[in-house]
Amino acid sequence: SLLQRNETERRNESKQSTGQRGPHRVQVTTPRSVNYHFTRQCNYKCGFCFHTAKTSFVLPIEEAKRGLQLLKQAGMEKINFSGGEPFLHQRGVFLGEMVRYCKQELELPSVSIVSNGSMIKESWFQQYGDYLDILAISCDSFDEETNRAIGRTQGRKSHLDNLYKVRNWCRMYKVAFKINSVINTFNVHEDMIEHIASLNPVRWKVFQCLLIEGENAGGNSLREAEKFVISDQEFQDFLDRHRSIECLVPESNQKMRDSYLILDEYMRFLDCRAGRKDPSKSILDVGVEEAIKFSGFDEKMFLKRGGKYIWSKADMKLDW
Ligand SMILES: C[S@@+](CC[C@H](N)C(=O)[O-])C[C@H]1O[C@@H](n2cnc3c(N)ncnc32)[C@H](O)[C@@H]1O
Ligand code: SF4
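Numbering (our numbering), first residue to last: 23 to 342.
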């Protein structure tokens, strides 16, 4: 398809984001694509979660906007809002304001969200849908029992009903729809082909369940995800079973660990290289260039996993 061909072309583009700057010609990383986990609070309890509710802190909106502007000045082209559950804080108004700000005022080519989908209202799409390029909803199973066993649920709500509801709103309000799935011991043998085909996402990200010390593994973590972990071979078998799905983008542990630029709730870059998340200083205190030196971001891996793809809805040729 056109989308895929363009993606391959972009993947092969020479990278432009490390430049030689200043008298000492040090390598400077440009934060082209940033994941801002602005809240750690969540209404779900996924047992494998690697970004847990260690604080309840959220920046004031004006500070968050200032940070986003700093990132834009440093070369950011794509922002992804994540968490925790991003629609939880101020019932989605905080998130909506940031989405609108990034598209309308900063004019970022790509603004996206990753959400569990359970807190989104149609009125949110009416108010903010125009400013959003991509909405990714996480779904690890098409069996309600499995979702409950994983903890991807709240009370009696059906995760799958929400998923299909949000999928339709994306169609109605012209937001590109994506799915994220974490492959773990509970869903590793599932066949998701039919459901994924009928939901027809622009991208299906398939993650191998990852352990991060201090988040979902080791002492003083809020989750113990060891029982969810699968082997590289089990992950490969899942991918092989789903190879007919063209939009599938696999992310093994190795690929995932170093290829994301993560900003936490204080706007500190998190360095995952050591298998845990070590924070830098906040970009609000020391600026982007200083903070990013400690981010552990592996730009080669970012490009290798296809981190740069068609990320503006204006550039997508899609049947809504
Ligand atoms: C931490 S969540 C935050 C956004 C939102 N609450 C959600 O679940 O989509 C961001 C993404 O990370 C994925 N994720 C969480 N724990 C993971 C793990 N241990 N390994 C791989 N992916 C994981 C989630 O499924 C989700 O797609
Ligand atoms: S992965 Fe689950 S527990 Fe973690 S933030 Fe997302 S919905 Fe919440």
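Backbone N, C-alpha and C define an ideal beta-carbon position, used for all residues, glycine too.
Look up residue i in the DSSP assignment and give the residues it is bridged to.
| i | result |
| --- | --- |
| L157 | I135, F199 |
| N102 | N57, S134 |
| A96 | None; A96 has no bridge partner. |
| W226 | I201, L270 |
| P108 | Partner(s): none; P108 has no beta bridge. |
| L292 | I284, P301 |
Which value, in whole angstroms, describes the spacing of the CA atoms of residue i and residue j?
| i | j | result |
| --- | --- | --- |
| F147 | D262 | 36 Å |
| S160 | S137 | 6 Å |
| T207 | L232 | 12 Å |
| E166 | Y186 | 13 Å |
| L325 | E311 | 20 Å |
| T51 | M278 | 18 Å |
| G173 | C64 | 12 Å |
| Y195 | E144 | 9 Å |
| Q276 | H73 | 18 Å |
| P19 | Y153 | Since the first residue of the chain shown is 23 and the last is 342, residue 19 is not available in this structure. |
| Q49 | I314 | Unreliable positioning characterises Q49 in this predicted model, as indicated by a pLDDT of 49, which lies under 50. A coordinate reading is not provided. |
| W226 | K200 | 6 Å |
| K330 | M323 | 11 Å |
| R54 | W191 | 29 Å |
| E216 | E256 | 21 Å |
| K100 | S134 | 8 Å |
| R43 | R193 | Low per-residue confidence applies at R43: pLDDT is 43, beneath 50, and the placement is therefore not dependable enough to give any value. |
| S243 | Q112 | 27 Å |
| E235 | V224 | 32 Å |
| F164 | N222 | 15 Å |
| D213 | G309 | 46 Å |
Does the distance between the C-beta of residue i and the nearest non-hydrogen atom of ligand 1 fall short of 7 Å?
| i | result |
| --- | --- |
| H111 | no |
| L154 | no |
| L81 | no |
| S137 | yes |
| F229 | yes |
| L232 | yes |
| N102 | no |
| A247 | yes |
| N209 | no |
For my contact list, residue i and residue j are in at a C-beta cut-off of 8 Å; report their separation, rounded to the angstrom.
| i | j | result |
| --- | --- | --- |
| D203 | F229 | What sits at residue 203 in the sequence shown is Ser, not Asp. The pair is a contact, with the Cβ atoms about 7 Å apart (cut-off 8 Å). |
| M98 | V56 | 6 Å |
| M289 | L81 | 7 Å |
| H59 | D307 | Not really, about 18 Å apart at Cβ, beyond 8 Å. |
| T61 | P108 | 7 Å |
| D162 | N209 | 5 Å |
Please indicate yes or no: does the CB of residue i lie closer than 7 Å to some heavy atom of ligand 2?
| i | result |
| --- | --- |
| E18 | Coverage of the chain is limited to positions 23 through 342, which leaves residue 18 absent and any answer about it impossible. |
| H73 | yes |
| C64 | yes |
| C68 | yes |
| S55 | no |
| N206 | no |
| R174 | yes |
| S220 | no |
| S281 | no |
| S160 | yes |
Query raised in the report: Per the contact definition of three or more C-beta pairs closer than 8 Å, is the stretch 245 to 259 in contact with the stretch 179 to 189?
Result: Cβ pair count under 8 Å is below three, so no.
Query raised in the report: Taking one C-beta from the stretch 126 to 134 and one from the stretch 89 to 99 each time, how about it: are there three or more such pairs within less than 8 Å?
Result: Enough Cβ pairs lie closer than 8 Å, so yes.
Report task. Would you check if there are 3 or more beta carbon pairs closer than 8 Å linking the stretch 61 to 69 to the stretch 299 to 311? Result -> The stretch 61 to 69, when compared against the stretch 299 to 311, does not touch it at the 8 Å Cβ threshold.
Query raised in the report: So, do the stretch 279 to 289 and the stretch 256 to 271 have three or more beta carbon pairs nearer to each other than 8 Å?
Result: Because the criterion of three Cβ pairs below 8 Å is not met, the stretch 279 to 289 and the stretch 256 to 271 do not touch.
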